[in-house]
Structure formats: C-alpha cells, structure tokens
Amino acid sequence: MNSFKTVSSDTPEPQRAYRNLLAFSEGAPETIESMSDQQLHTTALLFACSQFLANYAVKCPTTYLECLVDMDTPIDAQLLRDYVASTLAESPPADMFEFIRRLKYRYMLHITLRNLTGRTDVTTGMMELSALADVIIETANRHTWQQITLKYGAPSDDRISVIALGKLGALELNYSSDVDLIFCYGSSEGQTTGVVSQHGMTMNRLSNHEYYCKGVELFAKLLNQSTPDGFAYRVDLRLRPQGAKGELALSLSGYEQYYESWGREWERVALIRARHVAGDRRLGAEFIDMIRPFVYRKYIDMRAIDEIKKLKRKIDQTFNDNDIKKGFGGIREVEFFAQALQLVYGGQQPLLRQLGLILTLHRLSQKNLIGYDDFSVLSENYLYLRKLEHYLQMLNDTQTQTLPSAPNDMHALARKMAATSTNDFLAVLKQKRTQVRTIYDSLFQPRPNNNTGNQTDSSYTEDTLREILRQRQVAQPERIVHLFGKIRDNTGSFQTLRGRRLQDVVIPVFLQEAVNSKNPAMALSNLHNFTDTLKTDMSYLELFDNQRALIKAIVEVFATSAYLSTILMSSRKYMEVFAEGTPIRKTLGMITAEVGNMLRGQTVIGETLATCKKMEELRLGIMYLNRRITIRHLTKGLSKLAVAILTSALHGISSASALHIIAFGKLGGREITINSDLDIVFVCRGDVDEVLNSQAERLLRILTSYTREGRTYNIDTRLRADGSKGTLIKGLDALEDYYLNRAYPWEIQALLRARPITGDAVFRVRFMAIRANVIAKRCREITPEVIVAMRDRIRKEHLSATSAAIDIKLSVGGIEDIEFLTQYLQLRHALIYPLVLVQNTVAAIGRLVRCSVLDEKAGRLLIDNYLFYRNVETIMRLTGEPIETLSAVEGFSNGRALMERLKTLMGETETVVQALMR
8 MNSFKTVSSD TPEPQRAYRN LLAFSEGAPE TIESMSDQQL HTTALLFACS QFLANYAVKC
68 PTTYLECLVD MDTPIDAQLL RDYVASTLAE SPPADMFEFI RRLKYRYMLH ITLRNLTGRT
128 DVTTGMMELS ALADVIIETA NRHTWQQITL KYGAPSDDRI SVIALGKLGA LELNYSSDVD
188 LIFCYGSSEG QTTGVVSQHG MTMNRLSNHE YYCKGVELFA KLLNQSTPDG FAYRVDLRLR
248 PQGAKGELAL SLSGYEQYYE SWGREWERVA LIRARHVAGD RRLGAEFIDM IRPFVYRKYI
308 DMRAIDEIKK LKRKIDQTFN DNDIKKGFGG IREVEFFAQA LQLVYGGQQP LLRQLGLILT
368 LHRLSQKNLI GYDDFSVLSE NYLYLRKLEH YLQMLNDTQT QTLPSAPNDM HALARKMAAT
428 STNDFLAVLK QKRTQVRTIY DSLFQPRPNN NTGNQTDSSY TEDTLREILR QRQVAQPERI
488 VHLFGKIRDN TGSFQTLRGR RLQDVVIPVF LQEAVNSKNP AMALSNLHNF TDTLKTDMSY
548 LELFDNQRAL IKAIVEVFAT SAYLSTILMS SRKYMEVFAE GTPIRKTLGM ITAEVGNMLR
608 GQTVIGETLA TCKKMEELRL GIMYLNRRIT IRHLTKGLSK LAVAILTSAL HGISSASALH
668 IIAFGKLGGR EITINSDLDI VFVCRGDVDE VLNSQAERLL RILTSYTREG RTYNIDTRLR
728 ADGSKGTLIK GLDALEDYYL NRAYPWEIQA LLRARPITGD AVFRVRFMAI RANVIAKRCR
788 EITPEVIVAM RDRIRKEHLS ATSAAIDIKL SVGGIEDIEF LTQYLQLRHA LIYPLVLVQN
848 TVAAIGRLVR CSVLDEKAGR LLIDNYLFYR NVETIMRLTG EPIETLSAVE GFSNGRALME
908 RLKTLMGETE TVVQALMR
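Residue numbers (the numbering used here): 8 to 925.
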C-alpha cells in the first residue's frame with residue numbers, strides 16, 4: 008500500500024492513481040505483484056491520466072500486462088491488419104460489435120502507454136490513433152458488405168469507397184474524436200441479385216443506391232452503438248452533400264454533379280483533408296481526382312479567405328474562450344489559417360495540397376506565403392494545444408476541448424502539461440493562444456468598405472443597426488442584430504461570378520425589407536432559413552433580380568406567417584404560384600379541375616395532393632393576411648379545397664366506386680381553417696364488401712401517408728357508427744338503423760354538421776333524408792344537461808385545471824361554447840323550425856334569429872364573437888405564436904391588449920350561453 012502511495016505521488020493526479028492501483032490490485036493481485044518498479048510507475052502514470060483506460064485495465068489485467076510488456080512496439084496499420092486477420096482466422100467472433108470494441112480499447116491502451124512514457128510525440132501519437140481508426144473502419148466495412156450481401160444479394164457494381172475527412176483524413180485523430188466519413192459507390196444503375204428463399208423464389212432485390220444506403224446505416228451502427236463493451240467511434244456523416252438531409256451514400260457521378268453545381272465553400276474546406284480509408288482503393292482515387300478542381304481552383308481565389316472568416320465567425324458565436332479548439336486562439340484558428348491559404352493558392356501550387364497541418368504550414372513557409380517565424384509559432388503552439396486536448400480527452404474518453412472549472416482538476420491538468428503551477432500553466436496557455444490569434448488576424452484583416460449606399464444595405468455595422476432599431480422602437484433588437492449577422496455570414500457561397508453578383512444585389516434588398524417590416528425578428532428568422540435555399544439554387548436570385556417587387560411581398564409573408572413561409576421556401580413551384588397571382592374567388596368546380604389536372608399522369612398521388620393543398624393554402628392564407636378575404640371566405644375556400652382533394656382522390660382509386668364520403672365537424676360546416684384535421688365517415692348504398700373496404704383503406708393511406716411534401720391531411724374517422732370499434736364503412740340502411748336505435752345523444756348532435764361530399768344527387772338526397780328523420784325522432788334527447796356534461800368532459804380531458812391561460816376553443820365563453828349552444832338550440836327547435844338545421848355555425852345562428860329563437864342582439868354578439876375567435880385561432884396557426892405574443896390581429900398593438908379583449912368577449916359569451924342553455 009505504501010509503495011502505491013509512493014508511485015502515485017509522482018503522478019499528476021496522485022489520489023486518482025492511488026485509487027485505481029488499489030482497484031487493480033484487488034482484481035488482479037498476481038499481475039501487479041509481477042510488475043517491475045518501472046512498470047508500476049508507468050501503471051500509476053496511466054491510472055492518473057486516464058480513468059477509462061484504468062477501468063479497462065482492471066477489467067482485462069492480462070491484456071494490460073501484454074501492452075505494458077510490448078510498449079516499445081510501434082503501432083502501424085499493417086501490424087493492426089495482421090492482428091485482425093490472425094484473430095479472425097483462429098477464432099471468428101460470434102459478435103462483431105464486441106470484437107471491434109475490444110480491438111479499439113486494447114490498442115488504445117497500447118498507444119496511450121507509448122504516448123505517456125515518451126515513446127511517441129504528439130504527431131506520432133495522432134498517426135497511431137489514426138491507424139487504429141483506419142483498420143477498425145476497414146474491418147467494419149468488410150463485415151458490413153458481407154452482411155448486407157447475404158440479405159440482399161450483390162449489387163451490379165460492387166465498389167464502395169469510404170472517404171475520411173477532418174482529423175482522421177489528415178491522420179491527426181485525437182483521443183475521443185468523431186470520425187467524419189462519406190461513402191462513394193461506383194454506379195447507381197442496376198439492382199442487387201437478391202437472395203433465393205427456401206421456396207426457390209428470388210427476394211429482397213434492391214436498387215444499387217438502396218443497397219449502399221442500407222449498408223452505411225449498418226456500418227454506422229456497428230461503430231456508433233453503445234454496448235456493454237462501450238462504443239467504437241462516433242460516426243459523423245453530416246459532411247455529405249446536403250448534410251443530415253442528404254443521401255447516406257452517393258455514386259461517383261452523383262458527387263461530381265453535386266460539387267460542380269451546388270458545392271459550398273465550407274465543403275471545399277472539408278474536402279481538403281479527404282482521404283480514402285477503406286473499400287475499393289481505385290474508386291477512392293477516382294473520387295480524390297474528381298474533387299480536386301472543386302477544392303483547388305485554377306486561379307488564385309482570394310474570396311476563400313472571406314468564406315473561411317465567415318465559418319470561423321459562426322463558431323465564435325457558439326463557443327467560449329475556455330474551448331481550446333473553437334475558442335480564441337485555439338486549434339481551429341491554426342487549421343483555418345492554413346486551409347484558407349491552401350484554398351487560395353493550392354490551385355496553382357500543387358505542393359500545398361497536403362492533408363496534415365504541420366506539413367501544410369511547412370510547405371506554406373517554403374513557398375514564402377508565410378514567414379518562418381509564423382510557421383514556427385503556429386506549428387509549436389498547435390502541437391501544444393493538441394497535447395492539451397489529448398490530456399482532456401484521455402481522462403474519461405469524452406469529446407471535450409474545454410478547460411476544467413474545478414481547481415483540483417485544473418491543477419492536475421497543469422501538472423500533466425509539465426507546468427509548475429496552475430497560474431504558470433494558464434499564463435503559458437494564454438501567451439500561446441494570443442500568438443495564434445495575432446497571426447490568424449493578420450490573414451483575416453477586414454477589407455475596406457467602399458460602399459457609399461444608404462444604411463439599409465447588408466454592410467452596415469451592428470451598432471448602426473442597433474441605433475436604427477432604437478429610433479424605430481422595434482422589439483427584440485438584439486435578436487434582430489444577431490439574425491442580421493447570421494444571414495450576412497450565411498450567404499456568399501456561389502461558385503459562379505454571376506451567382507455572386509446577383510447575391511450582392513438581391514440580399515441587401517431582402518435585408519432592407521426585413522428590417523423595415525412589421526415584425527423584423529420573424530422576417531429575418533425566416534429569411535435566414537431561406538438563404539440556405541438561395542445558396543443552392545441561383546434561379547431564385549434570377550427571379551428576384553427580374554421581379555424586385557416580389558421581394559417585398561415575400562418579406563411580408565416572412566414577417567407574418569411561419570406556416571406560409573415554410574411552404575413558400577420549400578420549393579420553387581410555390582414561389583412561382585405566389586409570383587403569378589391568382590383569382591380571389593374560386594368555385595369548387597375550378598379547384599377540382601385544377602387538382603385533376605395536377606393528378607393527370609402522376610403515379611405518386613399522395614405527394615401531388617399534398618402539393619395541391621399547399622398551393623391553395625398559400626394562396627388563400629396570403630389573401631387572408633392581406634385582408635383581401637375575410638375569415639368566412641378563408642374557411643369556405645379551405646373547405647372547398649378539402650372536398651376537391653377528397654373527391655379527386657376517391658375518383659383516382661375508382662371512377663365508378665360505390666363508396667361515398669360524409670363530411671362531419673368543421674368540414675361538414677364548411678369551417679375548416681389552416682392545417683385542420685378532417686372528420687369523415689365512409690358510406691355505401693348497398694352491402695359492404697371487401698373491395699369497398701380496400702378502397703377506403705387505400706384512400707386513407709393516400710391522404711395520410713408522409714411524402715416529400717408532407718402528408719395531405721390528418722383524417723379522423725372516429726365519428727363513424729360504433730366509433731373506432733366499428734366497421735370502416737356502413738350501408739345507408741344500417742347507418743339509419745344505428746342512428747335511430749343505438750347512437751349516443753352526442754352522435755345525434757354531431758350529425759347536425761354532416762353532409763355528403765361525394766355521390767350522385769339520389770344518394771345525397773337519401774342521406775339528407777335519413778339525417779332529417781333521425782334528428783326529428785331523437786332531437787328531444789339532447790337536453791341542456793347532456794350538452795353541459797359533454798362540454799365539461801371535453802374540457803376536463805383537454806384543459807389543465809390549474810392553467811390560467813386562455814384556450815380560444817375550450818375556455819369558458821370560447822368557440823366550443825358558441826357551437827354547443829347553437830347546436831342545442833337547433834335540436835331543441837328542429838321540429839318547429841326545420842329551417843335551422845344547417846351545418847354552418849354562423850348560418851345557423853342567423854336562422855335562429857330569423858325564427859325568433861334568438862333575439863337579434865344576442866345573435867349578433869354570438870356571430871361577432873365567434874368570427875373574432877376564429878380570426879385569432881387562424882392567425883395563431885399561421886404565425887405559430889401563442890395568444891399572448893400575437894401582434895398580427897387588427898386593432899391590437901400587442902398580445903396583452905388582445906388577451907384583455909378576449910377575456911371581455913368570453914365573459915359576454917358566457918352570460919349569453921348560461922341564459923339560453925335551459
């Protein structure tokens with residue numbers, strides 16, 4: 008025990024070393040007794056610097072002793088490949104996940120022992136870590152395609168190359184780094200051979216593309232997934248084309264087309280360190296040759312400096328100075344400095360096209376692009392920071408570059424870095440980071456601004472913008488300034504001079520209109536999202552350059568509706584619909600014809616219908632926000648749209664179907680709003696058969712399945728006979744019998760709003776006759792007690808008893824109170840005044856007034872309040888904002904004033920409801 012304390016006292020963290028030595032001796036006393044004094048000192052040093060490897064040593068003492076004895080053996084890829092090959096040949100593992108993780112930790116231990124005992128320096132240590140990752144990736148890659156081929160057969164072009172980027176691509180991996188990978192295959196043409204089932208049938212055939220994408224999923228899981236043995240590596244695939252939204256693998260031609268057409272500056276930076284690490288070596292070489300003209304331009308490209316600066320500015324906004332990688336004077340600044348010069352001069356100087364940073368800096372010095380002093384300072388300080396990063400990460404195998412906050416941890420880190428005290432360590436670190444920042448800034452000096460235009464272009468300073476916002480008394484000024492800067496940084500990635508010219512003309516106009524809009528924060532937030540689209544499709548800029556007035560109209564949408572903005576930004580086709588303009592009023596026949604025309608020749612019906620819905624929602628929503636149509640016109644228009652889509656979808660399944668659709672709820676009342684669900688019931692004239700069931704199920708799949716354009720509608724069929732337990736379709740006779748004899752009173756209430764939206768005149772008349780007959784015979788059952796109980800049950804299920812927030816629909820005196828009162832009065836007076844049995848709430852109140860069931864004052868109050876509520880509800884859906892922050896409701900300057908008005912109206916409504924619900 009005393010010897011443990013003695014050897015531990017010489018380590019950077021004595022207490023940790025001592026605790027781990029005790030744990031090791033308890034688990035493997037014979038092993039620790041067999042160690043020499045030097046081996047015990049080495050063990051104590053490892054146990055002080057790496058807790059996760061100490062845990063591994065305690066778990067696997069025999070393996071640890073082997074590594075300790077074999078420390079002098081250098082680690083390279085061939086040694087690791089030989090170990091893998093011999094191990095797999097002697098005893099193939101039953102669990103490849105376990106094998107890979109044990110391989111990783113065994114050699115991570117070996118590499119760390121060599122590093123801590125001075126057998127390797129920082130550079131060699133990074134190369135050994137990279138070699139280990141290379142071989143593990145090779146092993147996982149072979150296993151992946153063996154497994155995928157067993158399931159789906161071999162592809163027609165059996166070539167895949169794994170390309171490493173980032174630290175691994177540069178052979179500079181750290182202790183707990185992600186591995187940045189992209190996957191390139193030979194050709195997307197053709198399919199796999201499939202596999203033969205036990206019955207002799209070929210099955211599981213996939214396109215080449217699907218085959219490789221599924222393989223990448225399995226590969227990532229093989230390394231990423233945590234098991235009892237830990238994980239191997241965090242696989243980061245986000246550097247692929249289109250990032251997280253892009254395909255997991257692409258063909259060589261797919262990559263070529265993307266980088267030629269859409270490649271961005273940050274992707275040029277990432278590809279500087281591209282290196283083939285596994286799979287088909289020839290294909291990997293073809294990939295590297297293909298990207299070279301994209302990465303290294305033929306002519307000197309000074310614009311790359313500005314693009315690198317923008318990338319760094321984004322990082323600076325996110326990370327603090329305690330981050331030695333991404334903060335002030337950190338690792339990333341050294342990398343960006345070198346990479347910027349590689350991009351600028353690498354096209355004309357092939358000698359600069361290096362992967363590793365130190366060699367790149369040396370080449371830059373050789374070419375007199377940086378001075379020798381800069382090379383010496385940057386390379387020395389970079390290695391110091393990488394060593395510090397290794398110590399931070401080897402402790403707990405965590406991906407951190409942040410200095411510890413606890414004094415004891417900082418003291419231990421200082422000792423690891425051979426400093427005499429924490430203060431000395433921090434002083435040295437500060438000096439080195441200041442040196443890095445000084446050299447970094449010498450390259451990234453801002454260019455003089457010769458713009459003499461007004462203060463509405465994109466180049467004015469943040470302080471100037473703040474002053475403008477202060478003078479205009481605009482809310483959220485700091486958020487606006489932040490968004491303004493992000494948009495300015497997010498642009499400027501076009502690969503052609505024309506794209507850059509158009510951007511310089513168009514973007515400042517967008518920014519000016521956004522700052523001057525009624526809601527600059529919302530406008531700039533949506534514009535920031537839109538700039539991602541602008542960067543990848545220059546045709547948008549050409550459209551705006553030719554139609555400057557369109558910019559103002561678009562920004563008005565950005566400033567008022569998050570929902571419509573999302574539609575507008577999702578595809579150019581919506582922008583073109585918006586630019587062309589359309590009639591204010593459309594009949595049901597016109598909309599149905601438009602939907603039919605779009606469906607003609609289409610095989611993906613659901614996606615086309617979702618597109619139709621978005622186009623019409625965009626048209627109607629913008630006219631509503633511009634007050635060209637009222638809330639009643641909007642809800643009727645959206646209801647016509649829903650009917651047109653439902654009838655077109657049904658016709659697309661079978662033009663002569665005996666299946667019919669009954670609309671209930673808001674659709675039945677022609678009152679649906681933006682993004683409403685649809686309540687429908689399926690009915691047929693005669694008996695229900697399997698064909699009709701199949702048609703109904705297919706219709707629901709078409710309308711509710713998720714497509715690239717989203718789903719068309721959420722469909723609710725629970726208002727059918729017997730609810731969710733009932734059959735999907737009922738014959739008319741069976742439906743009438745159900746309503747007359749078994750339906751609950753609330754189902755009779757729901758029947759008030761039912762109307763057929765498909766079927767010929769005979770069918771429609773028959774259904775309406777059934778509806779009238781059922782209401783006449785059962786309307787007396789709907790008493791005030793039934794209505795109140797139903798309303799209270801809904802509130803109890805959907806409203807929090809402790810919440811004081813206003814719910815526009817369910818709060819006392821809200822939308823549902825008016826609807827329930829109206830339906831109660833309709834049913835109560837149905838026998839005397841059949842005229843009141845209309846589906847629409849406002850129309851029903853009007854008829855109740857005409858029949859003197861309601862006096863005119865009460866009727867006007869209910870209608871006005873109901874329409875006001877529906878306006879607020881719709882604006883909430885369009886803006887995505889809660890009531891308390893709404894500013895788009897006419898006549899109200901802020902959400903607080905609106906809330907007070909709502910409370911008053913709800914109190915008035917409650918008084919009327921209580922007086923009449925008797």
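The beta carbon of each residue, even a glycine, is placed where N, CA and C say it ideally should be.
Small disclaimer: the values here were computed from a predicted structure and weren't measured.
Helix, strand or coil for residue i, going by three-state DSSP, please let me know.
| i | result |
| --- | --- |
| V169 | strand |
| G34 | helix |
| I558 | helix |
| Q198 | strand |
| V856 | helix |
| G176 | helix |
| I681 | coil |
| D330 | strand |
| H836 | coil |
| D83 | coil |
| S818 | coil |
| Y192 | strand |
| P300 | helix |
| C691 | strand |
| K737 | strand |
| E907 | helix |
| S465 | Interpretation of S465 is limited by its pLDDT of 46, a score under 50 that renders its predicted location unreliable; the figure taken from the coordinates is listed afterwards. Note: S465 maps to coil in three-state DSSP. |
| T637 | coil |
| G281 | With the sequence shown as reference, residue 281 is identified as Ala, and Gly is not the correct amino acid for it. DSSP places A281 in coil when its eight states are reduced to three. |
| V435 | helix |
With residue i and residue j assumed to form a contact (beta carbons below 8 Å), what rounded beta-carbon distance in angstroms separates them?
| i | j | result |
| --- | --- | --- |
| L28 | F54 | 6 Å |
| N872 | I825 | 7 Å |
Keeping to the same chain, check which residues put their C-beta closer than 6 Å to that of residue i; ignore five residues upstream and five downstream.
| i | result |
| --- | --- |
| S32 | I39 |
| G237 | R108 |
| S546 | none |
| Q502 | With a pLDDT of 43 at Q502, under the threshold of 50, the predicted position of this residue should be treated as unreliable, though the coordinate-derived value follows. Cβ neighbours of Q502 beyond the five flanking positions: none. |
| K305 | G354 |
| V276 | Q346 |
Check this for me: beta carbons of residue i and residue j, under 8 Å apart or not?
| i | j | result |
| --- | --- | --- |
| L832 | L923 | yes |
| R113 | T70 | yes |
| I144 | A281 | no |
| L548 | V513 | yes |
| A140 | Y63 | no |
| I764 | L653 | yes |
| L362 | A345 | no |
| K647 | E716 | no |
| N215 | G197 | yes |
| N388 | K439 | yes |
| M401 | Y192 | no |
| L699 | I736 | yes |
| L627 | G644 | yes |
| V2 | G738 | Here the chain comprises residues numbered 8 to 925, so residue 2 is not present and cannot be evaluated. |
| A930 | G902 | For the chain, the structure presents residues 8 to 925; residue 930 sits outside this window and is missing. |
| M597 | T540 | no |
Apart from the five residues on each side of it in sequence, which residues of its chain come closer than 8 Å, Cβ to Cβ, to residue i?
| i | result |
| --- | --- |
| I487 | L472, L476, V481, V522, P527, A528 and L531 |
Who are the Cβ neighbours of residue i in its own chain at under 7 Å, not counting the five residues just before and after it?
| i | result |
| --- | --- |
| T441 | G336 |
| A851 | T829, Q833, V843 and V845 |
| K12 | Y25 |
| L7 | Only positions 8 to 925 of the chain appear in this structure, which leaves residue 7 out of reach. |
| A161 | T199 and T200 |
| N122 | G132 |
| I794 | F827, Y831 and M924 |
Please specify which runs of the beta strand (DSSP E), each continuous and at least 3 residues long, are wholly inside the stretch 219-271, giving them in chain order.
Qualifying beta strand (DSSP E) stretches, in chain order: 256-258.
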